[in-house]
Amino acid sequence: MVRSASSLPLFRGIFPGKSVNEVSFTRPEEGLSLLQCLSRSGELLRGSSSLPFSLDEAVRMMRVMIQSEVYDSTFYDIQRQGRISFYMTSFGEEASLVGSAAALQKDDLVLPQYRELPALMWRGLTLDDILAQLFATTKDPGKGRQMPVHYAATHVNMMPVCSPLAVKIPQGAGVGYVYKLQKKDAVAAVYFGEGAACEGDASVGFNFAATLGSQTLFLCRNNAYAISTPVEEQYKGDGVGARAVAFGIDTIRVDGTDLVAVYAAVKAAREFVVSQHKPAFVEMMTYRLGHHSTSDDSRKYRSAEEAEQWQAPAAHPVRRFATFLANQARTGIEGRKRGRWSAEEESALVEETRREVLAKIRVYEKMKHPPVLSGIFSDVYSNLPQSLREQRETLNVFLSQPGRAEEYNSHKFERENDDSQ
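The following block contains the structure:
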């Protein structure tokens with residue numbers, strides 16, 4: 001609260017500041033600080049605290065990033081071959097996603113947007129979970145009702161991915177408020193991009209969390225593009241983090257290509273949320289190296305030179321962390337010192353992962369889809385209303401007409417149970 005010129009009443013809802021007697025603007029001149037722990041050459045910066053995780057955990061994080069790269073390149077290719085209908089890669093954002101996920105706890109609920117596969121892999125999403133969803137098989141918890149990359153898995157402690165942007169932000173504010181009321185040692189970790197932060201739901205969610213003190217951790221992947229719209233055309237201010245500050249949310253901006261910094265920032269932010277019962281915001285500055293999706297061609301709106309700059313080892317999140325690990329000495333069986341990561345180890349992991357992925361793809365693409373009628377009409381009502389019963393029967397009659405089975409590839413779907421007819 002700030003006193004008026006008469007020093008009598010107090011203005012409510014603002015922070016203390018100086019009083020002036022001439023018109024003046026408060027200008028957005030100074031940007032938020034950027035947390036960095038690794039140099040571009042992959043060394044811990046002087047003044048950085050000690051490594052916030054063990055080297056064994058670091059190697060595990062590296063392995064997940066490499067595996068996610070193999071998954072992304074393979075799934076992108078099979079989409080181009082027409083074997084799945086859609087895909088979105090995480091190229092360039094691996095450090096932001098794996099580093100942040102590693103800093104969370106098992107009881108924290110993750111609310112993903114759609115590019116968080118590496119984070120979900122860290123939390124236990126398996127290759128079988130992924131392929132069941134991509135190929136819309138009977139093993140998919142969503143029963144093939146969602147387009148690819150819309151994962152759902154209770155054992156990961158996540159909300160299902162859904163297409164509309166920013167819807168998870170107010171949902172995460174609500175979940176975090178429940179955790180506060182329950183005095184639970186957990187946060188709602190909400191992932192989203194800077195494009196989603198321009199949606200109206202984002203402002204609603206930020207304000208909800210701030211005013212009610214939700215135990216919500218907002219994790220913004222600022223990757224420079226909302227599909228084809230660059231950040232310069234999305235907003236005028238200092239990134240997204242400045243908006244969080246304006247809403248009264250404690251905020252950290254971090255180099256999202258620096259896994260060590262991301263982990264440190266998210267770990268500190270999580271501890272703040274559960275101890276202070278207030279939301280926190282981490283803006284992870286990164287770059288989307290891939291196309292927005294398989295429906296996009298980024299060459300039409302950005303230069304090859306721009307993307308190449310971020311492919312350089314000093315800027316690429318995976319290569320930068322690989323350099324760091326290679327510089328961490330360990331004693332081999334033969335007694336000689338060597339790094340915690342090597343090109344040979346990486347090549348072996350890539351080849352092993354690729355073989356496993358290709359073998360399982362051949363299995364899952366032969367699996368059947370869920371039954372048509374029960375797949376469409378189940379899981380909403382315990383007792384199906386008469387109107388939907390009539391619609392189901394109409395569809396059943398239509399699909400039973402001569403030639404329909406071939407037209408709609410009915411052989412690819414499981415047969416209906418008698419009680420679903």
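Numbering of the sequence shown is given in the UniProt record's numbering, commencing with residue 1 and proceeding in unit increments. Note that CB positions come from ideal geometry on N, CA and C, so glycine has one too.
Contact set for residue i: own chain, Cβ-Cβ below 8 Å, skip 5 residues either direction
i: R40; result: A314, A315, R320
i: E407; result: none
i: L358; result: T74
i: S85; result: Q79, M147, P148
i: H155; result: G124
Assumed close pair residue i, residue j - CB separation to whole angstroms, cut-off 8 Å
i: Q234; j: C198; result: 6 Å
i: P370; j: E305; result: So it is not a contact: roughly 46 Å between Cβ atoms.
i: V161; j: P112; result: 5 Å
i: A152; j: G142; result: 5 Å
i: residue 423; j: V254; result: Past the boundaries of the shown model lies residue 423; the chain is included only from 1 to 421, so the question cannot be answered.
i: V190; j: F218; result: 5 Å
i: R221; j: S96; result: 6 Å
i: D129; j: A166; result: That belief does not hold up - the Cβ atoms of D129 and A166 are roughly 25 Å apart, past 8 Å.
i: V282; j: Q215; result: Actually they are not in contact, since the Cβ atoms of V282 and Q215 sit about 15 Å apart, beyond 8 Å.
Limits of the unbroken beta strand (DSSP E) element including residue i
i: N222; result: 216-222
i: V282; result: 280-285
i: L111; result: 109-111
Secondary structure of residue i, DSSP reduced to three states
i: E356; result: helix
i: Q421; result: Interpretation of Q421 is limited by its pLDDT of 47, a score under 50 that renders its predicted location unreliable; no figure is taken from the coordinates.
i: G172; result: helix
i: V156; result: helix
i: G248; result: coil
i: M121; result: helix
i: E116; result: coil
i: A261; result: helix
i: F272; result: helix
i: G213; result: coil
i: V187; result: coil
i: H369; result: strand
i: F208; result: helix
i: P9; result: coil
i: F91; result: coil
i: D297; result: coil
i: V254; result: strand
i: residue 431; result: It is not possible to answer for residue 431, since the shown part of the chain is limited to 1 through 421.
Bounding residues of the alpha helix (DSSP H) (the contiguous stretch that carries residue i)
i: F324; result: 317-326
i: A101; result: 94-102
i: A304; result: 304-311
i: R404; result: 404-407
i: Q386; result: 386-399
Spatial neighbours of residue i in its chain, beta-carbon cut-off 7 Å, leaving aside the 5 residues before and after
i: V204; result: P170
i: S176; result: According to the sequence provided, residue 176 is Gly. The question's Ser does not apply to it. Closer than 7 Å at Cβ, skipping near neighbours: V187, A188, A209, S214, Q215, T216, P279.
i: M88; result: Y114, R115, V149, S293
Beta-carbon contacts of residue i that lie in its chain and below 6 Å, excluding the five residues immediately before and after
i: V372; result: F413
i: V260; result: C37, L38
i: G375; result: K143
i: A136; result: G144, H369
Heavy atom of the ligand ADP within 7 Å of residue i beta-carbon
i: S382; result: The ligand ADP is not part of the structure shown, which contains no ligands of any sort.
Discussion item. So within the region 21-86, which uninterrupted alpha helix (DSSP H) runs reach at least 4 residues, ignoring any that extend past its ends?
Written reply: Counting only runs of 4 or more, we get 55-80.
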